[in-house]
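Student:
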Amino acid sequence: MIQRYVDGLLDRLLEQRQIDFVADLASHVPGHIIGNVIGVPDEDCPQLRIWSENVVQFFDVARTEEHKLLAEQATTEFYYYLRDLIAQRKKKPRKDLISTLIAAKSAGELSETELISTCMLILMAGHGSTIDVLGSGMHALLRYPDELVRLRQNPEYIHTAVQEMFRFESPLPYFHRYASEEIEVLGRRYPRGTKFGLLYGAANRDPNQFPSADQFDIARAPNRHVAFGKGAHLCLGNHLSRLDMEVIFLTLMKRVKTIELLEDEPKYKKGLSVRGPQSLQLLLAAA
Ligand code: HEM
25 MIQRYVDGLL DRLLEQRQID FVADLASHVP GHIIGNVIGV PDEDCPQLRI
75 WSENVVQFFD VARTEEHKLL AEQATTEFYY YLRDLIAQRK KKPRKDLIST
125 LIAAKSAGEL SETELISTCM LILMAGHGST IDVLGSGMHA LLRYPDELVR
175 LRQNPEYIHT AVQEMFRFES PLPYFHRYAS EEIEVLGRRY PRGTKFGLLY
225 GAANRDPNQF PSADQFDIAR APNRHVAFGK GAHLCLGNHL SRLDMEVIFL
275 TLMKRVKTIE LLEDEPKYKK GLSVRGPQSL QLLLAAA
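Just add 24 to the spot in the sequence shown (first one is 1) and you have our numbering.
The structure is reproduced here in structure tokens:
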């Protein structure tokens, strides 16, 4: 499904040649794929992306009152949209995740609120961050052209290359978490419930964990980065987002002969909670 969708997008973009990689390619894929898995009609996927981006604004440490209002409005609209979709699927179940979750609710395993919030969480969670890391991953390959050539010549590095993109430019550089029990960190004790700000982006450049941490190395192994968190709450969608990326980059390596960056310094999004280029202007030549 991912391959078919990416090929269709590239057919058009290779004719267009000059593209914004973020707006024209990256931003279409994750929402379309997760939307399909859940069971959202194709034509509604672009709207989900807008809601997701607005909801996520709420988690930014630098959020303003305006962001909060936007997030609240998006959450409300998203909620009613999913409630209607669930009502439709209840009448006519399909082979999609939403129908499976509805069956779990009927079996008493989920409440109505849990059903809606689970769909919302899954639809929102990987959307923006996969778009961001696709953009920063592409940018990294263009900043380190030797690594781009290496990937072209050795497509079997795709798994480690994508993991390195997550380590090198973690799309969620900061996240907060609460201690579920009393804990000692660097000789200091913190009570249960303490709120911690976790700097995943900084941890992923820790020279004690990663030799030549500031070097982008598509064959890096081992690569125990924490871009998806760690432990019991390790990202549920980490395989899916890596699969989206592997298909996209492998397809680009196969179908595009040259990729030229048309701007000197692409602008990155502001804020601690997200990291990725706002746009990435490229010139493509088909293979
Ligand atoms: C670039 C892509 C993604 C990044 C960087 C990312 C990152 C994260 C992080 C840091 C966490 C918290 C882990 C922790 O608490 O230690 C998380 C949790 C989660 N992610 Fe992702 N994620 C991505 C894609 C996705 C996708 C595509 C989905 C859904 C299909 C998804 C669904 C979830 C869910 C449901 C959780 C909560 C898991 C739990 O609390 O047990 N994520 N993700």
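Glycine included, C-beta positions come from ideal geometry on N, C-alpha and C.
Helix, strand or coil: which one does DSSP assign to threonine 100?
Tutor: Residue state, collapsed to three classes: helix.
Student: Given a cut-off of 8 Å, decide if arginine 41 and leucine 276 are closer than it, judged by their beta-carbon atoms.
Tutor: Their beta carbons are not under 8 Å apart, which means leucine 276 does not touch arginine 41 by this criterion.
Student: Do the segment 118-133 and the segment 141-157 touch if we need at least three Cβ pairs shorter than 8 Å?
Tutor: Yes: the two stretches touch, three or more of their Cβ pairs being nearer than 8 Å.
Student: Looking at phenylalanine 83 and serine 297, is the spacing between their C-beta atoms short of 8 Å?
Tutor: Taking 8 Å as the Cβ cut-off, serine 297 and phenylalanine 83 qualify as a contacting pair.
Student: Would you please state the rounded distance, in angstroms, between the beta carbons of arginine 191 and alanine 251? I believe it to be under 8 Å.
Tutor: The pair is a contact, with the Cβ atoms about 6 Å apart (cut-off 8 Å).
Student: Shortest alpha-carbon distance to tyrosine 30 belongs to which of Gly261, Val271, Pro301 and Glu205?
Tutor: The sequence given here places valine at residue 30; tyrosine does not occur at that position. The candidate whose alpha carbon is nearest that of valine 30 is Val271.
Student: Using 8 Å as the threshold, is the C-beta distance between asparagine 78 and alanine 50 below it?
Tutor: Going by C-beta atoms, asparagine 78 is not nearer than 8 Å to alanine 50.
Student: Between the segment 53-66 and the segment 161-180, can you find at least three pairs of beta-carbon atoms closer than 8 Å?
Tutor: These segments do not touch.
Student: To the nearest angstrom, how far is the alpha carbon of leucine 166 from that of isoleucine 283?
Tutor: So the two alpha carbons sit approximately 8 Å from each other.
Student: Do you know how far the Cα of valine 186 is from the Cα of threonine 154?
Tutor: Rounded to whole angstroms, threonine 154 to valine 186 spans 11 Å at the Cα level.
Student: Exposed or buried, which one is asparagine 232 when buried takes at least 16 other CB atoms within 10 Å?
Tutor: Per the 10 Å Cβ criterion, exposed.
Student: Beta carbon of valine 46, beta carbon of proline 301: below 8 Å?
Tutor: The answer is yes: Cβ separation under 8 Å.
Student: Are three or more beta carbon pairs between the segment 111-118 and the segment 218-232 nearer than 8 Å?
Tutor: Contact between the segment 111-118 and the segment 218-232 is absent, because fewer than three Cβ pairs lie under 8 Å.
Student: Does the distance between the C-beta of arginine 191 and the nearest non-hydrogen atom of the ligand HEM fall short of 7 Å?
Tutor: No, the ligand HEM has no heavy atom inside 7 Å of this Cβ.
Student: Whose CA, out of Lys92, Thr99, Thr184 and Val80, lies closest to the CA of glycine 161?
Tutor: Ranking Lys92, Thr99, Thr184 and Val80 by Cα distance to glycine 161 puts Thr184 first.
Student: Mark proline 197 as exposed unless 16 or more other C-beta atoms lie within 10 angstroms of its C-beta, in which case mark it buried.
Tutor: Answer is buried; the Cβ neighbour count reaches 16.
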